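All residue numbers for the sequence shown refer to numbering that gives the first Met the number 0, where the first residue is 0 and numbers rise by one. Heads up, the beta-carbon is just placed ideally off N, CA and C, and yes, glycines get one too. Nothing here was measured: the structure is a model prediction, and the numbers come from that model.
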Amino acid sequence: MTVANPNGAFRFHTTEKPDGWVSLDEYISRMKDDQDTILYLPGDSKAGIQKSPVLQKYIKAGYEVLLLPDPIDEFCFQHLTEYEKRKVKSIAKDDVQLLSSSELEKKKLQKLKEMYQPLTKWYKNHLGKQVEKVQVTNKLDDAPLFIFTSQYGYSAQMEKINKAQAFTNQEKAPSYMLAKKTLELNPHHPVMKELLQRVKDQDGELDEASTQYADLLFQMSLLNSGFIVDEPTDLTSPLEKLIRVGFGIERDEPIVEIEIEIEIEREQKNKKREHDFSVNIQPNVSAII
Numbered sequence: 000m001t002v003a004n005p006n007g008a009f010r011f012h013t014t015e016k017p018d019g020w021v022s023l024d025e026y027i028s029r030m031k032d033d034q035d036t037i038l039y040l041p042g043d044s045k046a047g048i049q050k051s052p053v054l055q056k057y058i059k060a061g062y063e064v065l066l067l068p069d070p071i072d073e074f075c076f077q078h079l080t081e082y083e084k085r086k087v088k089s090i091a092k093d094d095v096q097l098l099s100s101s102e103l104e105k106k107k108l109q110k111l112k113e114m115y116q117p118l119t120k121w122y123k124n125h126l127g128k129q130v131e132k133v134q135v136t137n138k139l140d141d142a143p144l145f146i147f148t149s150q151y152g153y154s155a156q157m158e159k160i161n162k163a164q165a166f167t168n169q170e171k172a173p174s175y176m177l178a179k180k181t182l183e184l185n186p187h188h189p190v191m192k193e194l195l196q197r198v199k200d201q202d203g204e205l206d207e208a209s210t211q212y213a214d215l216l217f218q219m220s221l222l223n224s225g226f227i228v229d230e231p232t233d234l235t236s237p238l239e240k241l242i243r244v245g246f247g248i249e250r251d252e253p254i255v256e257i258e259i260e261i262e263i264e265r266e267q268k269n270k271k272r273e274h275d276f277s278v279n280i281q282p283n284v285s286a287i288i
């Protein structure tokens, strides 16, 4: 939650002071020379935000980012587009380009986009309307992919809050109430390199196993980006098959029921013997009378 001082200046946790409070003016005083934007990242909790895959590259590059674990913070920041002549943007939006501001970085990124065109094209065709576009990014460090949202649409957090509203019919929800997703791939990640090679080897297609792995990656990126997985089986089914492979079991090995052999005849004879014995030891009532 934000804390306001007597002068009305709001203070926030940041990557530089995760346990302290920083005003926007103090943040600006520490901004890098090439930085013209106040950066923030919303999330469910401060600890969760600090583990976000999209945050690591900015920290390594020396950029300070505001941490916004309270939904009201993000709601306010959406209406605060500028402060002291500096733009205010979420690094989870697809329009922040600080990490590729130099001409050299832009040329490198363009080359990578051309290199990965077979995979980005396959992913867009495969996912269809689930994403607005698929592209290569230089904003990720050790994550294979991440879902960014449009600068004008809902964020993952705002979409989650909207879906949690009582009496909300999600099937009839207007499109503007849903986040416009951009799937961005990390071209340096070994998994992405392997998927690209498989798409090339298979003339722009992927086999069933590779497709399931690609789907699993997408579901994982939804969770890492703060979205809700609408169909849990879309995540758990390919994950269960991946666990099989990890144990050295065939991916599609069928479930075989264990046969339990029981000697029914012997058990019935034993029960009959027990019954006869109990009858024979009963007292002879008529004899007593």
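In this structure the region 105-113 does not touch the region 54-68; the number of beta carbon pairs closer than 8 Å is below three.
When only Cα atoms are considered, F147 and K179 end up about 8 Å apart. With fewer than three CB-CB distances shorter than 8 Å, the region 35-49 does not count as touching the region 204-221.
Around the Cβ of R197, a 10 Å sphere holds 16 or more other Cβ atoms; the residue is buried.
Taken atom to atom, the span from the alpha-carbon of P52 to that of D140 is near 7 Å. In the same chain as H188, and ignoring 5 residues on each side of it, the C-beta atoms closer than 6 Å to its own belong to P143, in chain order.
One thing to note: E63 has its Cβ within 9 Å of the Cβ of R29. Within the region 21-71, the runs of beta strand (DSSP E) that reach at least 3 residues and sit entirely inside it are, in chain order, 36-41, 65-67. Looking from the CA of Q156, the closest CA among W121, S89, L238 belongs to S89.
Secondary structure of Q201 (DSSP, three-state): coil. The region 120-129 makes no contact with the region 90-103, as fewer than three CB pairs between them are under 8 Å. If only complete runs of 3 or more residues are kept, the region 229-254 shows no beta strand (DSSP E) anywhere. In this structure, P17 keeps its C-beta atom at 9 Å or more from the C-beta atom of P41.
Between the C-alpha atoms of Y153 and Y26 there is a straight-line separation of about 26 Å. Between V133 and E183, the gap from beta carbon to beta carbon is short of 9 Å. Minimum Cα-Cα distance from Q201 among the listed residues L234, P117, I257 corresponds to P117. Nearest to D33 by C-alpha distance, out of W121, D43, R85, is R85.
Annotation: L67 to Y151 spans about 19 Å, alpha carbon to alpha carbon. DSSP, reduced to helix, strand and coil, places T136 outside both helices and strands of the structure shown, so it counts as coil.
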